[in-house]
Amino acid sequence: MKNMSVAALIAEFNPFHNGHEYIVRKAKEITGAEHLVVIMSGDYVQRGAPAITDKWSRAEMALRHGADMVLEIPVRYASASAPFFSYAGVLITKKLGFIDYLCFGVEDKDILENDPITDINQKDKKTYLAPNDILATLYKEALNQLKSDIKCVPIERISGESIESASNIRDMICNSDCRNYLPIDVLEKRGILKVDESILDEALYIAIKSIIDEGESISEKLCTFSEVTEGIAGRIIAEFPEFKGFKDFIQRVKVKQYTYTRVSRALLHIALGIKKTEDELTGLRDAKDLVKIEAVRLLGAYSSATHLLKESNIRIVTKVSDYLTSTEEEIRGNNLSEEKKKILLARQMIIQDINAGEMYTNLARIKGLADFEGEYKSPIIIK
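For the sequence shown, my numbering begins at 818 and goes up steadily by one.
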């Protein structure tokens, strides 16, 4: 039994900036937690794009600025819409079994005092909630659905000369000076902060072309990929002759009912080969029914926090090679025990993460970007 408090933070850190450093510091200060566990997106993020740099670099940035441990959100959920991203992060938090507080940045410090999901699910009402506030309400809803006693700790974001949003910083890295908004050690790594959607240009083109070239049931085959609807599939087929690259194709496919980000996520899942689950194909729609996670990958930790690994109620993967080979029983798939089913699901998800990560690394190298370490790297352990 642990005799210390532990806080968690669900994040992307794309890239890690001064505002993130403030949230991490305040999370520990407000909760008094001895350890802070970050549950972070891997090489792809919620807006349906590659992260600006690899997960190992971003995990190390987090560890150097207050995090004690960094775990990876599976790519299926890290690159999904807000309800799935948030539910996955909260599910991991609960399944760890040692988290006391869930911390997150908000624009409105009173956001959770209202009905937690007020206008988000009511399409006839316009909502002007900031993205961070939407996630905050979804975190609270997920904790309620999971009947968790983890305490929500909203932390009001600050503004100032040294604070800027991650999206603006990503633009500044390419177009102007961002030195005021990044910690010094992150700024020194500015040379690796340059991955964008262009690394997926060829992968997306080949994935779609191979389906179209088959000539039969094209729309149905496209709709097997996560977040691809019949409408989006129709737009993809109609616009494919004009394909010039990932970002340009998003602009061509999107229309009023299919936003830029929604189309981006759908195209990313086609490029990565992430398909709908059997549950999705049967018509289930809610995150609470569809998000299933039986293992998470450790990206890094301080040695002083590794004792938490022994207390986890979910498998924490430190060696991916242990998950690469299926047993004959799993391959047959008949009469598997519940425990065997959980192991099989963990294996399938880890393999999906490995494949997506290897694509990120290999395509970044082809584009002449930084030579990232691949999926078989051991977790970063800081003494």
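Every residue, glycine too, gets a C-beta built ideally from N, C-alpha and C.
Residue i to residue j, Cα distance in whole Å?
| i | j | result |
| --- | --- | --- |
| Asp1096 | Arg1069 | 30 Å |
| Ala866 | Glu1031 | 27 Å |
| Glu1005 | Lys1093 | 40 Å |
| Asn1152 | Ile869 | 43 Å |
| Ala884 | Glu838 | 9 Å |
| Arg1114 | Ala1104 | 21 Å |
| Thr1078 | Ala1055 | 19 Å |
| Ser1213 | Val1108 | The displayed coordinates of the chain run from 818 to 1200. Any statement about residue 1213 would go beyond what the structure contains. |
| Asp860 | Phe1060 | 24 Å |
| Lys968 | Ala850 | 12 Å |
| Leu1039 | Val1045 | 7 Å |
| Arg893 | Asp871 | 17 Å |
| Asp1065 | Leu946 | 28 Å |
| Tyr1119 | Leu1125 | 11 Å |
| Val923 | Ile986 | 19 Å |
| Ile1029 | Lys1071 | 19 Å |
| Ile1167 | Asn820 | 31 Å |
| Ile1023 | Arg1082 | 17 Å |
| Leu1180 | Lys1011 | 13 Å |
| Ser982 | Leu1017 | 25 Å |
| Tyr1075 | Phe1063 | 16 Å |
| Arg1182 | Asp994 | 25 Å |
On a CA-only basis, which of the options is nearest residue i? Give me that one, please.
| i | options | result |
| --- | --- | --- |
| Ser874 | Gln863, Met857, Arg864 | Met857 |
| Tyr1140 | Asn1130, Val970, Glu1111, Ile1197 | Glu1111 |
| Ile1131 | Leu880, Glu889, Tyr861, Ala844 | Glu889 |
| Ser1036 | Tyr956, Ser1043, Ile1049 | Ile1049 |
| Ser765 | Ser1015, Phe1057, Gly1051, Ile1016 | Examination of residue 765 is not possible in this model, given that the chain is present from 818 through 1200 alone. |
| Arg881 | Ala1181, Asn835, Arg893 | Asn835 |
| Leu1186 | Gly1062, Ser1015, Ser1195, Ile1168 | Ser1015 |
| Lys843 | Leu919, Glu829, Ala905 | Leu919 |
| Asp1013 | Glu846, Ser984, Ala905 | Ser984 |
| Pro948 | Arg864, Arg996, Val1003, Met989 | Arg864 |
| Gly906 | Ser822, Ala953, Leu1162 | Ala953 |
Is the distance from the Cβ of residue i to the Cβ of residue j below 8 Å?
| i | j | result |
| --- | --- | --- |
| Met886 | Phe833 | no |
| Ala876 | Ile1197 | yes |
| Ile775 | Ile840 | Given that the chain is displayed from residue 818 to residue 1200, the structure contains no residue 775 and the question cannot be resolved. |
| Val1137 | Ile1087 | no |
| Ile975 | Tyr998 | no |
| Val854 | Ser896 | no |
| Phe1042 | Ile1001 | no |
| Ala824 | Asp917 | yes |
| Ala899 | Leu955 | yes |
| Leu1084 | Ala1173 | no |
| Glu1175 | Glu1190 | no |
| Val970 | Ile847 | yes |
For the alpha helix (DSSP H) holding residue i, just list the boundary residues, first then last.
| i | result |
| --- | --- |
| Met878 | 872-881 |
| Phe1066 | 1063-1070 |
| Lys1011 | Premise fails: Lys1011 is in no alpha helix (DSSP H) and is neither H nor E. |
| Ile1131 | No alpha helix (DSSP H) holds Ile1131; DSSP gives it neither H nor E. |
| Val1080 | 1077-1089 |
| Ile840 | 835-848 |
| Val823 | Where Val823 is concerned, there is no enclosing alpha helix (DSSP H), although the beta strand (DSSP E) it sits in stretches over 823-828. |
At which residues does the beta strand (DSSP E) containing residue i begin and terminate?
| i | result |
| --- | --- |
| Ala1112 | 1112-1119 |
| His852 | 852-858 |
| Glu889 | 886-890 |
| Val970 | 968-973 |
| Leu919 | 918-923 |
Round the Cβ separation of residue i and residue j to the nearest angstrom and send it over; I've been treating them as touching at under 8 Å.
| i | j | result |
| --- | --- | --- |
| Ile1053 | Phe921 | Rounded, the Cβ-Cβ distance is 34 Å, inconsistent with contact. |
| Gly914 | Glu1128 | 6 Å |
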